[in-house]
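Written out below as structure tokens is the structure these notes cover.
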Amino acid sequence: MKKSIYISAFIALFAMACSDETLNEIDTNPNIISDAPLNTYLPAAQTLVVQRVVGSLVIVSGYSTEHTNFTGINTATRFQVGGAADLGVGGGTNWTSGFQALRYFKEIRTKAEQQNRIGYAAIADIMTAYTLSLLVDAYGDIPYTEVGQEAIIQPKFDKAQDLYAEMQKLLEAGIQKCDQATTVASRPANDDLVFKGNMALWKKTAYGLKARLFNRLSNVNGSETAQQALTAINGSFASNENFAFTDFQDTPQNGNQIAQNSISGGTIAIADGIVNALKAFLEPGEDILTDPRATIWFTRIGGKVVTTPTSRATTDVTLNGTTYSKPIYYQRRTSPLPMLTFTELKFIEAEAQLRLGDRTKAYTAYEAAVRAALAQASVFNSAVALTTAQINAYMARPKVLMGADRLTLKDIITQKYIYLTVFQTQEAYNDVRRTGLITLNDPDGTAKRFPYPTTEISRNANAPQASDINTVYQDNARLFWAKL
Numbered sequence: 001m002k003k004s005i006y007i008s009a010f011i012a013l014f015a016m017a018c019s020d021e022t023l024n025e026i027d028t029n030p031n032i033i034s035d036a037p038l039n040t041y042l043p044a045a046q047t048l049v050v051q052r053v054v055g056s057l058v059i060v061s062g063y064s065t066e067h068t069n070f071t072g073i074n075t076a077t078r079f080q081v082g083g084a085a086d087l088g089v090g091g092g093t094n095w096t097s098g099f100q101a102l103r104y105f106k107e108i109r110t111k112a113e114q115q116n117r118i119g120y121a122a123i124a125d126i127m128t129a130y131t132l133s134l135l136v137d138a139y140g141d142i143p144y145t146e147v148g149q150e151a152i153i154q155p156k157f158d159k160a161q162d163l164y165a166e167m168q169k170l171l172e173a174g175i176q177k178c179d180q181a182t183t184v185a186s187r188p189a190n191d192d193l194v195f196k197g198n199m200a201l202w203k204k205t206a207y208g209l210k211a212r213l214f215n216r217l218s219n220v221n222g223s224e225t226a227q228q229a230l231t232a233i234n235g236s237f238a239s240n241e242n243f244a245f246t247d248f249q250d251t252p253q254n255g256n257q258i259a260q261n262s263i264s265g266g267t268i269a270i271a272d273g274i275v276n277a278l279k280a281f282l283e284p285g286e287d288i289l290t291d292p293r294a295t296i297w298f299t300r301i302g303g304k305v306v307t308t309p310t311s312r313a314t315t316d317v318t319l320n321g322t323t324y325s326k327p328i329y330y331q332r333r334t335s336p337l338p339m340l341t342f343t344e345l346k347f348i349e350a351e352a353q354l355r356l357g358d359r360t361k362a363y364t365a366y367e368a369a370v371r372a373a374l375a376q377a378s379v380f381n382s383a384v385a386l387t388t389a390q391i392n393a394y395m396a397r398p399k400v401l402m403g404a405d406r407l408t409l410k411d412i413i414t415q416k417y418i419y420l421t422v423f424q425t426q427e428a429y430n431d432v433r434r435t436g437l438i439t440l441n442d443p444d445g446t447a448k449r450f451p452y453p454t455t456e457i458s459r460n461a462n463a464p465q466a467s468d469i470n471t472v473y474q475d476n477a478r479l480f481w482a483k484l
């Protein structure tokens, strides 16, 4: 009930902010925001990020990574990527909602510091860094330092490299503020929709995000960022801890909006990228359903998993599929939405140790990561959890546990790509571009980043003009940390 109340508060705030007068004001100057108390602002901003930013990025990233494909009327891959910036999930777009959330977090930080409620400020810092990472990793250069200044209608675009440094500063500030939020009055309670004001978990989240961001820079400085990632991991989650949004309800308004999009449209089908990744750890000729995850993840057509062809597919707008297999994991509105997990950090640890040359530690972390990934394969529905026997049987496969001397970065990244299938494909998209180790089949290639919204390009003279459905496939669109 509390969750419903806070989401309703968010809707009320958003409606209040979007009166005709305010809409005209925002159209003239999108940096203007409305005013609200902290216990309304925080759940509003958190919900905005979860429902409208993460949700749409996950769906479109899934197309780009070939975990899924779009089977609506127009199924061309470039159509999917081209529409990425304007994809409506939960009633908004990832671009406009992302910047609205950043403005909310800035206001939360200011109010919290004025009122000596440092726990709110800590969460604002950490959520700002997280939201920035979503936008920067999707688009590259974005406006930030001039956003929120009412005198500036056309904010400049900050360099992605500079924003990576800014994210680390925000996370460090958030960590320090978590330690300072020692009184009940200084921090939120149930109005924090993620951790209910548990500052120890927010601190661990900040360290985990630092590790993720350091690891993203593996092509910039491999050994230094590997050590930095490992140091940050030491301050992050234990095995039963995650940064996730868990209190969804089984309604179109208050449910997981990725699932809601799939349920209402029936246009998301299984692509061959994920099936090929699963097969990489099976023996030649084995059916994909031999992997226990396939049995709980994919619907079947005539008893088999049938994937869509790359780039263009036949229209299939049914939930369970008449032509193609559909994702079972997108069929429950109450499914939690993981945003950073212990399992992901174990994969990062394995990669970092391998880059530093410690194969023994890398292999230990890899084994723990794969085992944890299997245990979390049913995160969308605990009723279909894999049994211990199923997990042990998979772990006994020679291609899964190949020995420390034979472990490769591709093994780690491919198992991580498989793990990120369920509600985390935006991170898989980052790894696809960062490492170039996942083989995809789209004849157009892989989009190097999302195109900027046409509205941003048309009304902001500072926006890079060469960013459309075609240019994002070109090599010069590659992000600074990416190989692909």
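Final position of the sequence shown in the UniProt record's numbering is 484; the numbers increase by one with none missing. Glycine included, each C-beta is placed from N, C-alpha and C at the ideal position. Here the structure is a predicted model, which is why all the values come from computation and not from measurement.
(1) If we count the other Cβ atoms within 10 Å of its Cβ and call it buried at 16 or more, is A165 buried or exposed?
(2) Do Y144 and D125 have their CB atoms nearer than 8 angstroms?
(3) Since I believe R212 is in contact with residue 492 (beta carbons under 8 angstroms), could you give me their beta-carbon distance rounded to a whole number of angstroms?
(4) Go ahead and label Y130 buried or exposed: buried means 16 or more other beta carbons lie within 10 angstroms of its beta carbon, across all protein chains shown.
(5) For D158, which of helix, strand or coil comes out of DSSP?
(6) Can you name the residues that DSSP bridges to T308?
(7) For P292, name the three-state secondary structure that DSSP assigns.
(8) Based on the DSSP secondary-structure assignment, which residues constitute the bridge partners of P143?
(9) Put T318 into one of helix, strand or coil per three-state DSSP.
(10) At a cut of 8 angstroms, does the region 402-418 reach the region 341-358 through at least three beta carbon pairs?
(11) In whole angstroms, what is the alpha-carbon distance linking G265 and K210?
(12) Let me make sure I understand the geometry here. Which of L282, S382, R478 and Q390 has the alpha-carbon closest to that of M402?
(13) Are the CB atoms of L319 and V305 within a distance shorter than 8 angstroms?
(14) Pick helix, strand or coil for A244, following the three-state DSSP scheme.
(15) Rounded to the nearest angstrom, what separates residue 494 and T40 at their Cα positions?
(16) By the 10 Å Cβ neighbour count, where 16 or more other Cβ atoms means buried, how is D179 classified, buried or exposed?
(17) How would you write the range of the alpha helix (DSSP H) that L38 sits in, first residue to last?
(18) So, is V50 buried or exposed, given that buried needs 16 or more other C-beta atoms within 10 angstroms?
(19) Taking the alpha-carbon positions, what's the E66 to I175 distance?
(20) Are the CB atoms of F237 and F342 within a distance shorter than 8 angstroms?
The relevant details are as follows:
(1) Numbered from its first residue, the sequence shown carries residue 165 at position 165. The residue in question, A165, is exposed, as its Cβ has fewer than 16 Cβ neighbours within 10 Å.
(2) Taking the sequence shown and counting its residues from 1, one reaches residue 144 at position 144. Taking the sequence shown and counting its residues from 1, one reaches residue 125 at position 125. Contact flag unset, no.
(3) A question about residue 492 goes unanswered here, because the residues of the chain that appear run from 1 up to 484.
(4) For the purposes of this step, residue 130 is identified with residue 130 of the sequence shown, where counting begins at 1. Y130 is buried by the Cβ-count criterion.
(5) Residue mapping note: residue 158 aligns to position 158 of the sequence shown, counting from 1. In the structure shown, D158 sits in a strand (DSSP, three-state: E or B).
(6) The residue labelled residue 308 in the question sits at position 308 within the sequence shown. Paired residue(s): A271.
(7) Mapped onto the sequence shown, residue 292 falls at position 292. In this structure, P292 counts as helix in the three-state DSSP scheme.
(8) Counting from one through the sequence shown, the residue named residue 143 turns up at place 143. P143 pairs with F157.
(9) Here residue 318 corresponds to residue number 318 of the sequence shown, with the count starting at 1. Three-state DSSP puts T318 in coil, outside helix and strand.
(10) yes
(11) Here residue 265 refers to the residue found at position 265 when the sequence shown is read from its first residue. Here residue 210 refers to the residue found at position 210 when the sequence shown is read from its first residue. Rounded to whole angstroms, G265 to K210 spans 36 angstroms at the Cα level.
(12) Mapped onto the sequence shown, residue 402 falls at position 402. The residue with the shortest Cα to Cα distance from M402 is L282.
(13) Walking along the sequence shown from the start, residue 305 turns up at place 305. Walking along the sequence shown from the start, residue 319 turns up at place 319. Contact flag unset, no.
(14) The sequence position of residue 244 within the sequence shown is 244, counting from 1. In this structure, A244 counts as strand in the three-state DSSP scheme.
(15) What is shown of the chain runs 1 to 484, which leaves residue 494 out entirely.
(16) Position 179 of the sequence shown, counted from the first residue, corresponds to residue 179. Flag for D179 reads exposed.
(17) Walking along the sequence shown from the start, residue 38 turns up at place 38. Start and end: L38 to L48.
(18) For this step, residue 50 is matched to residue 50 along the sequence shown. V50 should be labelled buried.
(19) As a position in the sequence shown, residue 66 is number 66, starting the count at 1. As a position in the sequence shown, residue 175 is number 175, starting the count at 1. Those two C-alpha atoms are separated by around 36 angstroms.
(20) Within the sequence shown, the letter at position 342 stands for residue 342. Within the sequence shown, the letter at position 237 stands for residue 237. Cβ atoms of F342 and F237: closer than 8 angstroms.
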